[in-house]
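My numbering puts the last residue of the sequence shown at 111; the count rises by one with no breaks.
To start, the structure itself, in C-alpha cells.
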Amino acid sequence: MNADHARANYTMGKWHYEMVTLSGLKKAAVKLLYGGLPPSDLDKAIQYMEKCRTLDPYFVANYLDLAKAYKESRQPAKAIEVLNKLVKLPTRTGDDVALKAEGAKLLESML
C-alpha cells in the first residue's frame with residue numbers, strides 16, 4: 001500500500017472499521033466459509049482515516065466514517081468535532097450531499 005495515498009489509507013481504515021463492527025452472525029458465517037477473518041482493530045481504523053484526512057482534507061466520506069469510528073470507540077467528543085468539520089466541507093462530488101446530510105443527522109443525534 002502507498003502510505004501517502006489518501007484513498008488507500010481510507011480503504012484500509014474502512015476495512016478495519018467494517019470488520020470490527022461486523023455482526024456476530026456474519027462473523028460466524030465468514031469463519032465457517034473462509035476459516036475466519038484477519039485481525040482488525042478500531043484504533044487502526046482511526047489511524048488510517050486520520051492519515052487520509054491529513055492527505056485529503058476535503059474527502060467527505062472519510063470524515064463520516066472517521067466520526068463513526070470515534071463514536072464506536074466511545075470517543076464522542078472527537079466524533080462531534082469531526083462531524084462539525086464534515087458539515088462545513090465544500091460539496092465536491094454528487095455523493096457529498098447525501099454523506100453530509102447523514103453526517104448532520106448523526107451530529108444532531110449526538111448533541
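Note that CB positions come from ideal geometry on N, CA and C, so glycine has one too.
In this text, all values refer to a predicted model and were calculated from it rather than measured experimentally.
Residue from the options whose Cα sits closest to the Cα of residue i
i, options, result
"K14", "A69, L111 and D96", "A69"
"I46", "V97, L111, E72 and L37", "E72"
"M110", "Q75, Y58, L22 and L42", "Q75"
"P57", "V20, T91, E108 and A104", "T91"
"K51", "H5, A79, L22 and A104", "H5"
"Y48", "K78, D95, Y17 and I80", "Y17"
Boundaries of the alpha helix (DSSP H) in which residue i is found, first to last residue
i, result
"H16", "A6 to V20"
"T54", "L42 to L55"
"N84", "P76 to L86"
"A28", "G24 to Y34"
"S73", "No alpha helix (DSSP H) holds S73; DSSP gives it neither H nor E."
"A101", "G94 to M110"
Cβ shell of residue i (< 8 Å), same chain only, five flanking positions each side left out
i, result
"N2", "A8"
"D43", "S73"
"K31", "L37"
Beta-carbon separation (whole angstroms), residue i vs residue j, contact threshold 8 Å
i, j, result
"L66", "E102", "Rounded, the Cβ-Cβ distance is 13 Å, inconsistent with contact."
"V20", "S40", "5 Å"
"K100", "V82", "With 8 Å as the limit, K100 and V82 do not qualify as a contact, their Cβ atoms being about 12 Å apart."
Residues near residue i by beta carbon distance below 7 Å, same chain, minus five either side
i, result
"L106", "A67 and L83"
"V97", "T91"
Neighbourhood of residue i by C-beta distance below 6 Å, restricted to the same chain and skipping five residues each side
i, result
"Y10", "C52 and N62"
"A77", "none"
"A79", "A67, Y70 and K71"
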